[in-house]
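A.B. asks:
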Amino acid sequence: MFEPAAVLDGLNEDQRRAATHQSGPLLVLAGAGTGKTRTLVARAAWLRSQGTQAARILLLTFTRRAADDMLARVMPAGASAAERVCGGTFHAVAHQIIRAHAESFSLPPAFSVIDPSDVTDLMDVLRTEHGLVGTQRRAPRAGVCADIYTRCVNTQATVAEVIAGSYPWCADFDGQLGALMRSYVAHKRRHGLVDFDDLLLLWRAALTDPAAGPVLRGMFDAVLVDEYQDVNAVQADIVRLLRPDGQGLTCVGDDAQAIYAFRGADPAHLRSLADDYPDLEVIRLARNYRSRDAVLRLANAIRPQSPGLELALRAERGTGSPPQLVRCHDEATQAREICARVLEAHESGTDLRDQAVLMRAAQHSSVLEVELSARGIPFVKYGGLRFTEAAHVKDFLAAARVVANPADDIAWFRLLRLHDGIGPVHARRFIEALGLADPGLSDPGEAGRGEAGRGEAGPGLAGPRPLDRWEDAVAAAPARSRPAVAATVGALAGAAALDRTADRATAILAALDGPLRDRYPDAGVRIADLQRLVDAAATRPSLHDALVELALDPPVSASDLAGPPRLDEDFLVLSTIHSAKGLEWPVVHLLHLVDGAIPSDMALTSPAGLAEERRLFYVAVTRARDQLYLYAPLRMHHHRAAADDRHSYGQLTRFLDPAALAECEAVDATPPEPVLPRIGPLAATIDAALDSLFGPT
DNA sequence: GGTAACTGGGTTTTT
DNA sequence: CCCAGTTACC
24 MFEPAAVLDG
34 LNEDQRRAAT
44 HQSGPLLVLA
54 GAGTGKTRTL
64 VARAAWLRSQ
74 GTQAARILLL
84 TFTRRAADDM
94 LARVMPAGAS
104 AAERVCGGTF
114 HAVAHQIIRA
124 HAESFSLPPA
134 FSVIDPSDVT
144 DLMDVLRTEH
154 GLVGTQRRAP
164 RAGVCADIYT
174 RCVNTQATVA
184 EVIAGSYPWC
194 ADFDGQLGAL
204 MRSYVAHKRR
214 HGLVDFDDLL
224 LLWRAALTDP
234 AAGPVLRGMF
244 DAVLVDEYQD
254 VNAVQADIVR
264 LLRPDGQGLT
274 CVGDDAQAIY
284 AFRGADPAHL
294 RSLADDYPDL
304 EVIRLARNYR
314 SRDAVLRLAN
324 AIRPQSPGLE
334 LALRAERGTG
344 SPPQLVRCHD
354 EATQAREICA
364 RVLEAHESGT
374 DLRDQAVLMR
384 AAQHSSVLEV
394 ELSARGIPFV
404 KYGGLRFTEA
414 AHVKDFLAAA
424 RVVANPADDI
434 AWFRLLRLHD
444 GIGPVHARRF
454 IEALGLADPG
464 LSDPGEAGRG
474 EAGRGEAGPG
484 LAGPRPLDRW
494 EDAVAAAPAR
504 SRPAVAATVG
514 ALAGAAALDR
524 TADRATAILA
534 ALDGPLRDRY
544 PDAGVRIADL
554 QRLVDAAATR
564 PSLHDALVEL
574 ALDPPVSASD
584 LAGPPRLDED
594 FLVLSTIHSA
604 KGLEWPVVHL
614 LHLVDGAIPS
624 DMALTSPAGL
634 AEERRLFYVA
644 VTRARDQLYL
654 YAPLRMHHHR
664 AAADDRHSYG
674 QLTRFLDPAA
684 LAECEAVDAT
694 PPEPVLPRIG
704 PLAATIDAAL
714 DSLFGPT
């Protein structure tokens, strides 16, 4: 047990009030860099010093990194199980509960957790059955269908409402889309598939259950929620159901940093906390321990304020120098200017790892990446494509899912298509032959049976086991593919018979060796990648756990799997603004401050979209501790234009209005000197040379 | 005739 | 890397 005094050491007055708040509902409105994590950690420690058992404190976050970070700080080194605070992301905690009680949720123990790309694949298959495929080019694509689905769930809105609000161009298809969503849901049930949204829905459903609800609620005395501005409707419900009267509830957040509306989050849930809990106490943390005053002046100039939750950050770390706005000729100049400033800071003693380059979209750094590589500046990139999105990794995960849950037809589909000569049609026939076929629309008798028994296993979950009859199914493959498919599937069936996770993972990779070598010219590198995946999976208690962990917390790169990075290595960080949330660096370089990038032109169609872009800019600015550089490439490539007019001038981001600009120091980058003078008509010279080789044309 | 493979153009943000 | 359109194969 801790001494309260030690627990509260070094906290300021407001932080201390938040940490020692009694049991009523509490909202800590914590601006960027105001010691939010520290306060939350202190609150958990204080609760324990007051007698609350660690295991009865639940800490909910949005990213695995935030969860790990906080849990590590809450728990003394070498804590026993009883000393352990419960916590994790909403999704991970939901999964733990569901996994532990799969049968109460009417789920087969071998259920698969599918990620958004699997959802898209599945939508693609189902789409053909709902008249969304054909010659009409305007039909919503699989990815859009998946987006509409998840948005319906996360904002608790109907298909019609979501289409009207966010996808007006799909209005002609709302009937088909509604039917598609229903068959998507039915399909998941039949095949033991659980998507990310289901994890939250299942948890919420359990909390509303008259028998299970009180048990789940009673497990915790205190619930601490980080980044509350990023909850969606289902998560807000879960929090309310966990603490119906607000006793023991602490929410920490800042609605000016809400940047996840695109996935259904809504800062309105934070703003309405006071309505949900009339006795809510609001404590503001405004003393900023991160940034210099010069940076905060810009941050305060661009911070959107919402009535009742106003906040202005106050600097605790001295004046500093103003953010520098570097106006660049074009993107290449921007890349050069960034490299120059990165190296300059490096030479004056700032490690590369203490600098970050932040961007709106992962793609915005492509020119810079070339420049960094050319100059030999090492970097790591966060955000954008992840390791688990690489084709060979998906292939491996599909094979592993077939082993873990043989009813997972989406995994089968991908696995089979990895083989030469097998496309969508043969893959589907093979799956039918396994006994996994969906009772399609054409077969109402079958469909009726499926709907009747809710919770009753689908074709692959009860009946004959799909992996037991793979030998017959091979006949469905075209003759020339049969040997390869038989070898792969036979080897996977062998893997399924093994017990230890390590052996299973190794056998799965061995099963894929042939197909991967046939498919990818660089198979050697890819297989080496997968070997690390196998090693990482081997440490998990089961293949299922390894797969869920990879889905919910995908490693950024293969090297991420190899354990903590070596301390002697120094890398510049490149990150999307979204992935940079919650982090800070002494020096921050912010790219592409032009309208169309920040704010993104995709977000300009609605005032809400624009407001979110402004918050994103605010998040980016508040990552900097000492020095902030803003870069605006004002001359951009035009995609379709005459050869001699391929450029146009972009506009500096609208968020840098006169008041904000007054807090910056603007400089113009020198345009590059042309390396070569213009050379005459080269084509004629080349033609003459070629004519001398081949004769005149 | 139906399938699979190839080619070329385009890409917001993520649990 | 993904998708659509097109060509080449069984």
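Counting from 24, one number per residue, gives the positions in the first sequence under the working numbering. Beta carbons are placed, not taken as given, at the ideal position from N, Cα and C, and that holds for glycine.
#1: Identify, in the order they occur along the chain, each residue of the same chain with its Cβ nearer than 7 Å to the Cβ of residue 225, setting aside the five sequence neighbours on each side.
#2: Which class does residue 564 belong to by DSSP, given the choice of helix, strand or coil?
#3: Count the other CB atoms within 10 Å of the CB of residue 95; is the residue buried (16 or more) or exposed (fewer)?
#4: Kindly indicate which residue of 445, 436, 444 and 446 has the alpha-carbon position closest to the one of residue 454.
#5: Which of the three DSSP states is assigned to residue 148 in this structure?
#6: If you count every other CB in all the chains shown that lies within 10 Å of the CB of residue 622, and 16 or more means buried, which is it?
#7: Drop a sphere of 10 angstroms on the beta-carbon of residue 57, count the other beta-carbons inside from all chains shown, and report buried for 16 or more, exposed for fewer.
#8: What are the boundary residues of the alpha helix (DSSP H) that residue 135 is part of?
#9: Are the beta-carbon atoms belonging to residue 309 and residue 337 less than 9 Å from one another?
#10: Just to confirm before moving on: does the CB-CB distance between residue 644 and residue 254 stay below 9 Å?
#11: Give the DSSP-derived three-state secondary structure of residue 394 in the structure shown.
#12: Just checking my contact of residue 167 with residue 174 at CB under 8 Å: how many whole Å lie between their CB atoms?
#13: Are residue 65 and residue 30 closer than 9 Å when you measure CB to CB?
#14: Assess contact between the region 416 to 427 and the region 592 to 605, defined as three or more Cβ pairs (one per stretch) separated by less than 8 Å. Is contact present?
#15: Apart from the five residues on each side of it in sequence, which residues of its chain come closer than 6 Å, Cβ to Cβ, to residue 404?
#16: Throw me the rounded Cβ distance for the residue 287 and residue 315 pair, which I believe falls under 8 Å.
#17: Let's see if you can read the secondary structure: which residues bound the beta strand (DSSP E) around residue 612?
#18: Within 10 angstroms of the Cβ of residue 691, are there 16 or more other Cβ atoms? Answer buried if so, exposed if not.
#19: Classify residue 662 as helix, strand or coil using the three-state DSSP reduction.
#20: Determine whether the beta carbon atoms of residue 553 and residue 262 lie at a separation below 9 Å.
#21: Rounded to whole angstroms, how far is the Cβ of residue 458 from the Cβ of residue 277, which I believe are closer than 8 Å?
#22: Should the region 194 to 206 be regarded as contacting the region 547 to 563, the criterion being three or more beta carbon pairs within less than 8 Å?
#23: Ends of the alpha helix (DSSP H) at residue 76?
#24: Helix, strand or coil, according to DSSP, for residue 628 in the structure here?
#25: With three or more C-beta pairs closer than 8 Å as the rule, is the region 411 to 421 touching the region 511 to 524?
#26: Using the three-state DSSP reduction, which class does residue 357 fall into: helix, strand or coil?
#27: Taking 8 Å as the threshold, find out whether the region 140 to 150 comes into contact with the region 181 to 195 through three or more Cβ pairs.
#28: In the DSSP output, what is residue 230 paired with across the bridge?
#29: Indicate whether residue 599 and residue 324 have their beta-carbon atoms separated by less than 9 Å.
#30: Under 8 Å: do the region 699 to 708 and the region 674 to 683 share three or more Cβ pairs, one atom per stretch?
#31: Is the beta carbon of residue 615 less than 9 Å from the beta carbon of residue 383?
#32: In the structure shown, what three-state DSSP assignment does residue 283 receive?
#33: Starting from the Cα of residue 501, find the closest Cα among 123, 452 and 531 and give me that residue.
#34: Hey, how far is the Cα of residue 561 from the Cα of residue 136?
#35: Within a Cβ cutoff of 6 Å, which residues of the same chain sit near residue 401, ignoring the five residues on either side of it in sequence?
#36: When the Cα atoms are used, what is the spatial distance from residue 620 to residue 578?
C.D. replies: Working from what's here:
#1: 117, 121 and 128
#2: Three-state result, residue 564: coil.
#3: exposed
#4: 436
#5: helix
#6: Counting Cβ neighbours within 10 Å, residue 622 comes out buried, since at least 16 surround it.
#7: Residue 57 sits buried, since 16 or more C-beta atoms from the chains shown fall within 10 Å of its C-beta.
#8: Taken as a continuous stretch (DSSP letters only), residue 135 belongs to no alpha helix (DSSP H), being part of the beta strand (DSSP E) at 135 to 137.
#9: It is a contact, given that the beta carbons lie within the stated cut-off.
#10: no
#11: helix
#12: Residue 167 to residue 174, Cβ: 10 Å. No contact.
#13: Contact: yes.
#14: In the pairwise beta carbon analysis, the region 416 to 427 is classified as not touching the region 592 to 605: fewer than three pairs are separated by under 8 Å.
#15: 597
#16: That pair is no contact at about 36 Å.
#17: 608 to 613
#18: exposed
#19: Only weak support exists for where residue 662 lies, its pLDDT of 40 falling under 50; the value from the coordinates is given anyway. Residue state, collapsed to three classes: coil.
#20: no
#21: No, residue 458 and residue 277 are not in contact; Cβ-Cβ is about 52 Å, not under 8 Å.
#22: no
#23: Looking at the DSSP string, residue 76 is not in any alpha helix (DSSP H), and its letter there is neither H nor E.
#24: coil
#25: no
#26: helix
#27: Segments in contact, no.
#28: DSSP, once it has assigned bridges, lists no residue as partnering residue 230.
#29: Not closer than 9 Å, so no.
#30: no
#31: Taking 9 Å as the Cβ cut-off, residue 615 and residue 383 qualify as a contacting pair.
#32: Coil, per DSSP.
#33: It is 452 whose Cα lies nearest to the Cα of residue 501.
#34: 19 Å
#35: 594
#36: 27 Å
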